[in-house]
Each structure stands twice: as C-alpha cells, then as structure tokens.
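Here is the structure we will look at, set down as structure tokens.
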Amino acid sequence: MGYRDIYDGWKADPEAYWLKAAAEIDWAVPPTKALNDTRAPLYEWFTDARVNTCWNAVDRHVEAGRGDQLAIIHDSPVTRTKHAITYRELQTRVASLAGALRAKGVEKGDRVIIYMPMVPEALEAMLACARLGAIHSVVFGGFAANELAVRIDDCTPKAIIAASCGIEPSRVVHYKPLLDAAIDMASHKPEFCVILQREQEVASLIPGRDVAWHTFQFGVEPADCVPVEGNHPAYILYTSGTTGAPKGVVRPTAGHLVALNWTMRAIYNCGHGDVFWAASDVGWVVGHSYICYAPLIAGCTTIVFEGKPVGTPDAGTFWRVIAEHKVRSFFTAPTAIRAVKREDPEGTLVGDYDLSNLQALFLAGERADPDTILWAQRHLKVPVIDHWWQTETGYAIAANPFGIEPLPVKIGSPSVAMPGFDVQVLDEGGHPVAPGTLGAIAIKLPLPPGTLPTLWNAEERFRKSYLAHFPGYYETGDAGYVDADGYLYIMARTDDVINVAGHRLSTGAMEEVLASHKDVAECAVIGVADDLKGQSPLGFLCLNKGTNRPHAEVVKECIKLMRDQIGPVADFKRAVVVDRLPKTRSGKILRGTMVKIADGQDWKMPATIDDPAILDEITEALKSLGLAGGI
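Per numbering that gives the first Met the number 0: the sequence shown = residues 0 to 630.
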C-alpha cells in the first residue's frame, strides 16, 4: 500500500487503523478500543489496556533472542571514549537501577527528575522509571538552577537522578552545584538524589540525601516491569517557559508506544538491527522520542553522541560517526547542518568517510531552508528529508513516509500530513483557506495516539493555549500553507508573520532568499516596529568561513536579492552582519527576544539560551542601526 491508500484508510476508520498499529506492541492487557472520547475535547487512547514501556523497549528483544545485539553506542568525542551496550546488558542495568529506586520507595506514579548529559546512564534512568511506572521529567543538563527549581516545584519529584558534570568542548559544566542551588530554591524537596560521578569531576555528596550511582545499586534486587494503564503518563517534558511558567507536556504511555513504533518503519525505514542516530539531546523531545524510546522499541541500535557538529574535533565529526557505526538513518536539526556548512562550505570533509550505509538525512526542529537542503543533497548524495513536529506531538505531523513510499521531495516543504493528523490552514476567523494561501496551521481534533492529552496539573492552561482559539482544532502556533498537491509549507511561527503596510509576510520566505546568497551561511529575519508601516523587516546575516568581502557589499546584494525575488512589498532595506545568532540549546533561533531588544521593550533572558553573551552582540549590532535604544 502506498501513502495515499494508508492515509485514506486511517481517515475512513481511525479506530481500526490504530488498533491494527497497536498489534505491534506487547500488551499485558490488550486494548479493546482505541479512542476514548468521553471527555472530549480532552481525548485519550487505549485507556483500557495495560502495558509497560521498558518491556517493549528492552526485555522483549532479549526474550526474542536478540540479547547480544547492540542497543546503545555511546560515542563521546569530548571525552575521547566509546562504549557499546547490548540489549541483554541494558536489561540488567535498567532492572538494577529500577530495583534500587523501588527499594528507596519509588513507585508507580511517583515523579523522578533526570538531570544528565549525553551518557547511556541517562537512557537507563528513563527506562528504569518506565519499568516501575514512575513518571520521569528530563531537564536539560546544565540548565540554570532557578529554572530547575521551577520544574522541581511543578512536578514534585520523589527523587532526582543527576550527573556530577557535563563536558563541553572547552569546559566542564558543574552540574552538582546547580542541582544543590535548585533544591535550596525550590519549595519542594526530593527525598534523595542519585549522582553519577564522572571521571572529569567528582562531586561532593550531601550526607543523608545524596548517594553515588554505583553505591545506590549495590546488593539490590532487580525490578520486574510494572504494567500501567494506557493513559498513564510516561513522562513530563517542559517547554521553554519563555512566556512565564513552563508548560509540562504529558506523554501517555500506550499511545506513545504505538505511534513511535509505527514511525520507525513508516518514516525512517528502520527496524531490528539497524543503526539509527538522532543527533540531539535527551533534554529535548527529539532525545526522548528518537534517542531513547523509538529506536529501542523498534529493536534498533541507537547512538548517544556527546559532542558538537563542529569543534569536536572538526566539521567532519558527523560523517565520522555515520561511517564508523554504519548509521542507516540520521536525524539532526537544520542548524547543525548549517554550522557544518559554514565551517566546510565545499563539503571537503564529507569525502574522507564511507557513507555507503546511509540511506537518508532527516531534518527537523527549525525550518530547513532550501540552501541547506541542497548543500546536503549535493555532498551526501542521499535524500534529504525535512519533517515537521513539536514537543507537544512527540513525533512527525508532516513527513515524507520514506519507509512506505518515498514521495517526491519539494524543497522547502516537510511533505505531507501523516496518518492521525488532519492538518488544516485557517484564517483568523477559523475558516479553511484556499491552497497556496498563508494562514494559521491547525489540526482537527482528536489528535492521534502519543500526542499530549493535557499539561501537567494545568488542564485549563492546556485548553486556553491549544484548543480555545480555533474550537474543534489544536492550534500549532505555526503559520504556512498547503499547495495543490497537499504538501505543507511551514513559513514561520504565527508570531513571526509580520504585517508590513497591511501585507502579511512570512519571515521564513525572506530567510530563504537571504540564505541563497553565496556568502551567507545562516540568517534570521525579524519584524521591528515601524511608525509608518506597522512593521519593517530586518535581516541578520552570518557569513561563511573565509568570506573576506566588505560587509556592506554583502548587505547591499542581499537587499537587491530580496527586491528581485519577493519584490518592493517586502520593504526589505536593512540587514546587519553578525558572527552568531542567539539560539536555544536545541537550535531554535530566538527571534522573539531579538524583536523585543530591537523595539526597546523589556525582555527576559530565555531559560533555554545556549550562550547569553550572544544577546550582547546582537544588541550592539542593533544599536549600530539606530535600534535597541541606539543613536
């Protein structure tokens, strides 16, 4: 069956479709019904089933005779170490950690915060919680103490599992002092903390509260898997919190298993024994879905990479990992490929490695601009597939179903809606618009299995944030359009659609134009306040390594390029060259913060920013243009 047959089959009978997909999961009690709509619009899936995530991700592969297959490869260029763990070893390690947690009183429904770098023990901690039916909340390692404290108070964990430190290319990040400060700030206090002591830094333990990872597990009975209800939360994952209190996205257990298992074959074309690599972090949703859970549920080998796309040691590190470990499908963010492209514009380092096992590169996390896709296609010589999803959904809303039927790639589009997602483009009144018309992207309810059913302890906030604006729909917060062939184009966050003299313009479309300039490695466009026209676009340009031309020349050419390709309506007259763009640790450009600085508004340091010093550089650049309070 091709994509269209499968999508139409889902639409004709969603209940039958998802029950069939559920047959691929091992159930303690199988579901008799897929959708539970008794609390609509708060929908739930597989609520009458009983199941355990850890069993499906680990134990069942051992039971099936694949215990000697590699489950995890830890490749850490920052510590110059590599380590592999089989499924049998993973089962032993996870059962031991779960047994130790159980011995300290952690039970089904208890929360456990995990605050760790990219090490296998982070995955083991997640799986140990799942084994017991405890609800984990992974917080990005190195997150500021006050942000960690907010999350401690929101999910009230019984325990925190952390590492002594994280390793960056140029420094050691001291996790334990941050953890101690966060616990001091928080009103809620965990009963105990488990600390993984790393060679690079041994942390001081607080007697009576802290225990070392290995000591903690000494002499304990390993724990068996605890089946939980289908709608039992597997984890809580907090979004950035730039608008105030962080939103705790809840991930239901059964739908999570069914949906992620489906995606590994249908989208990524990977199964038993294949090596899958998502170059993200366990602190982000990509790390949850495609470093930890989905590859293991599907019986793949997953790579845990502790490094950066450049500087560990060079812009060829991605290609080295792919060649060395025979990666079949590689998933990363466009911003990572742009960083590699900026350091190695001619792709010279790609030729140093045998990439013959690689079938495709998958991109998500930020709009994949055409220039980046074309660069990767040219040098990797494999399909480069953009797909679109959110923390809230947990997996792709729109994708090219590579394992079902590779569709023609339309550069600039994440392709088509996946089964379960009825994607609509709406005007401000909530009415569907014609193909090719820019509007708000919404998904008709119910959302499919595995997507968020609510927010942790914040049902009204969930309704207000996602369901209230367009009744009957989930509001994605993204703007774009659908073409005549059903291909979706994500052009900007809704807030990034700017209004220039009454014309609604996509900053994403402008960024595509700027990125096509031969000297531009990366760019961003924001709308700044304009007394006459409401808003006026402003471009930020990061240039390729080795570009020695006067910046004014590049800016002039970019302004002409914009006029030629979008026209005078864009009113694009200003751009500035900067060394770096402010981003979150997951690679998203902080356009909203840049707008506030440019307009002279009060702004708050984003909790997820990768390097706060970059905002000082942006402020100075804006002042040179007479913005941000400049003369």
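Beta carbons: idealized from backbone N, C-alpha and C, even for Gly.
- [ ] Could you check the C-alpha separation between Thr46 and Pro470 for me, to the nearest Å?
- [x] Position 47 of the sequence shown, counting from 1, holds the residue named residue 46. Position 471 of the sequence shown, counting from 1, holds the residue named residue 470. About 24 Å.
Task: Beta-carbon contacts of Val339 that lie in its chain and below 7 Å, excluding the five residues immediately before and after - done: Against the sequence shown, residue 339 aligns to sequence position 340. Same-chain partners within the cutoff: Pro308, Val309, Ala314, Phe317.
Task: Phe420 - DSSP class collapsed to helix/strand/coil - done: The count along the sequence shown starts at 1 and reaches residue 420 at position 421. Phe420 falls in the coil class under three-state DSSP.
TODO: Give the range of the beta strand (DSSP E) segment to which Asn145 is assigned.
DONE: Here residue 145 is taken as the residue at index 146 of the sequence shown, counted from 1. First-last for Asn145: 144–154, but that is the alpha helix (DSSP H), not the beta strand (DSSP E).
Open item on the list: Tell me the DSSP secondary structure of Val111 in three-state form.
Closed with: Within the sequence shown, numbered from 1, the residue matching residue 111 stands at position 112. Reduced to three states, the DSSP call for Val111 is strand.
Task: Limits of the beta strand (DSSP E) - the one that Ala161 falls within - done: Reading the sequence shown from its first residue, position 162 is the one you call residue 161. 158–162 is the span of the beta strand (DSSP E), which, as asked, contains Ala161.
- [ ] Return the Cβ separation of Tyr289 and Phe330 in integer angstroms, given the expectation that the two are a contact with Cβ distance under 8 Å.
- [x] Position 290 of the sequence shown holds residue 289. Position 331 of the sequence shown holds residue 330. That pair is a contact at about 6 Å.
Open item on the list: Residues in the same chain with beta-carbon distance under 6 Å from His60, minus the five sequence neighbours each way, listed in chain order, please.
Closed with: In the sequence shown, residue 60 corresponds to position 61, counting from 1. Only Tyr86, Gly298 meet the Cβ criterion.
Task: Opposing strand residues paired with Val631 [DSSP bridges] - done: Absent from the model: residue 631. The displayed extent of the chain is 0 to 630, so no value can be given.
Task: Ser95, DSSP secondary structure in three states - done: As a first step, residue 95 must be located in the sequence shown, where it is residue number 96. Of the three classes helix, strand and coil, the one that applies to Ser95 here is helix, per DSSP.
TODO: Go ahead and pull the three-state DSSP assignment for Ile24.
DONE: The residue labelled residue 24 in the question sits at position 25 within the sequence shown. The answer is coil: DSSP assigns Ile24 none of H, G, I, E or B.
TODO: Quick one: using the 10 Å Cβ neighbour count with 16 as the cut-off for buried, is Ile630 buried or exposed?
DONE: Locating residue 630 in the sequence shown gives position 631, counting from the first residue. At Ile630 the pLDDT is 39, less than 50, meaning the model places this residue with poor confidence and gives no usable figure here.
Task: Among Met417, Ala33, Glu521, the one whose alpha carbon lies nearest that of Ala397 - done: The residue labelled residue 397 in the question sits at position 398 within the sequence shown. The shortest C-alpha separation from Ala397 is found at Met417.
TODO: Any chance you could list the beta strand (DSSP E) runs of at least 3 consecutive residues sitting entirely within the region 160–231, in chain order?
DONE: 164–167, 170–173, 191–195, 209–211
Open item on the list: Looking at Pro448: is its Cβ nearer than 7 Å to the Cβ of Trp54?
Closed with: Taking the sequence shown and counting its residues from 1, one reaches residue 448 at position 449. Taking the sequence shown and counting its residues from 1, one reaches residue 54 at position 55. Their beta carbons are not under 7 Å apart, which means Pro448 does not touch Trp54 by this criterion.
TODO: Find out if the Cβ-Cβ distance for the pair Met490, Ala508 is shorter than 7 Å.
DONE: Locating residue 490 in the sequence shown gives position 491, counting from the first residue. Locating residue 508 in the sequence shown gives position 509, counting from the first residue. Taking 7 Å as the Cβ cut-off, Met490 and Ala508 qualify as a contacting pair.
- [ ] Give me whichever residues DSSP pairs with Ser136 in a beta bridge.
- [x] On the sequence shown, residue 136 is found 137 positions in, with the first residue counted as 1. BP columns for Ser136 point to Ile112.
Open item on the list: Could you tell me the alpha carbon to alpha carbon distance between Cys291 and Ser95, rounded to whole angstroms?
Closed with: For the purposes of this step, residue 291 is taken as the residue at position 292 of the sequence shown. For the purposes of this step, residue 95 is taken as the residue at position 96 of the sequence shown. Taking the straight line from one Cα to the other gives about 18 Å.
Open item on the list: Suppose contacts are defined by Cβ-Cβ distances below 7 Å. Is Glu43 in contact with Pro452 by that definition?
Closed with: Locating residue 43 in the sequence shown gives position 44, counting from the first residue. Locating residue 452 in the sequence shown gives position 453, counting from the first residue. Result yes, Cβ atoms of Glu43 and Pro452 sit closer than 7 Å.
Open item on the list: Distance check for Tyr114 and Gly247, CA to CA, integer angstroms please.
Closed with: For the purposes of this step, residue 247 is identified with residue 248 of the sequence shown, where counting begins at 1. For the purposes of this step, residue 114 is identified with residue 115 of the sequence shown, where counting begins at 1. So the two alpha carbons sit approximately 16 Å from each other.
Open item on the list: Measuring straight from C-alpha to C-alpha, what distance separates Val137 and Pro156?
Closed with: Here residue 137 refers to the residue found at position 138 when the sequence shown is read from its first residue. Here residue 156 refers to the residue found at position 157 when the sequence shown is read from its first residue. Distance between the alpha carbons of Val137 and Pro156: 11 Å.
Open item on the list: At the level of alpha carbons, what is the spacing between Phe571 and Gly533?
Closed with: The residue you call residue 571 lines up with position 572 of the sequence shown. The residue you call residue 533 lines up with position 534 of the sequence shown. The straight-line gap from Cα to Cα measures roughly 14 Å.
Open item on the list: What I want to know is whether the C-beta of Ala439 ends up closer than 6 Å to one or more non-hydrogen atoms of the ligand ZN.
Closed with: Among the components of this structure there are no ligands whatsoever, and the ligand ZN is therefore not found.
Task: Residue burial classification, Asp647 (beta-carbon count within 10 angstroms, cutoff 16) - done: Nothing in the structure corresponds to residue 647, since the chain is present only between 0 and 630.
Task: Nearest to Leu560 (by Cα), restricted to the options Ile205, His516, Ala158 - done: Numbered from its first residue, the sequence shown carries residue 560 at position 561. The shortest C-alpha separation from Leu560 is found at His516.
TODO: Taking only the alpha-carbon atoms, compute the straight-line gap between Ile440 and Trp387 and give it to the nearest angstrom.
DONE: Taking the first residue of the sequence shown as position 1, residue 440 is located at position 441. Taking the first residue of the sequence shown as position 1, residue 387 is located at position 388. Taking the straight line joining both Cα atoms gives about 12 Å.
Task: Contact the region 129–136 vs the region 105–113: 3+ CB pairs below 8 Å - done: yes
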